[in-house]
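One structure below.
In the working numbering, the protein residues as written are 182 to 287.
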């Protein structure tokens, strides 16, 4: 075990899973109305390893880290996809011009 003093320099990502009681909805159905889920502190997420709810201060940090990671993945996927619509067709080479060049009809 490595000795360390003070807080860590970077926050570590705690693996989360959906709450088994509310199935990630943050509320459970009562007799006449919906009630906040007690097992996950009405967040819909619990720690994957222990199954316990995280404190609200840690939960906010973990959800922010998950959101940032998802946004980064979405941005990478958008960068790989070719543009759609007329603009995408205009930018691609259709090999219909003289000598196999791009013909745009202009």
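Quick reminder that beta carbons are idealized off the backbone N, C-alpha and C, glycines included.
Run of the beta strand (DSSP E) containing residue i, from where it starts to where it stops
i: residue 198; result: 197–199
i: residue 215; result: 215–217
i: residue 209; result: 208–210
i: residue 228; result: 226–228
Nearest to residue i (by Cα), restricted to the options the options
i: residue 243; options: 232, 186, 189 and 194; result: 194
i: residue 231; options: 246, 238 and 199; result: 199
i: residue 247; options: 184, 269 and 226; result: 226
Alpha carbon of residue i to alpha carbon of residue j, nearest angstrom
i: residue 236; j: residue 220; result: 11 angstroms
i: residue 261; j: residue 254; result: 11 angstroms
i: residue 277; j: residue 267; result: 16 angstroms
i: residue 251; j: residue 282; result: 39 angstroms
i: residue 191; j: residue 256; result: 23 angstroms
i: residue 222; j: residue 258; result: 33 angstroms
Residues near residue i in its chain [Cβ-Cβ closer than 6 angstroms; skip 5 each side]
i: residue 240; result: 224
i: residue 196; result: 229
i: residue 202; result: 218 and 220
8 angstroms Cβ shell around residue i - same chain, five flanking residues per side excluded
i: residue 215; result: 208 and 209
i: residue 279; result: none
i: residue 245; result: none
First and last residue of the uninterrupted alpha helix (DSSP H) at residue i
i: residue 238; result: 237–261
Sequence-distant residues of its chain with Cβ nearer than 7 angstroms to residue i (five each side left out)
i: residue 204; result: none
i: residue 269; result: 263
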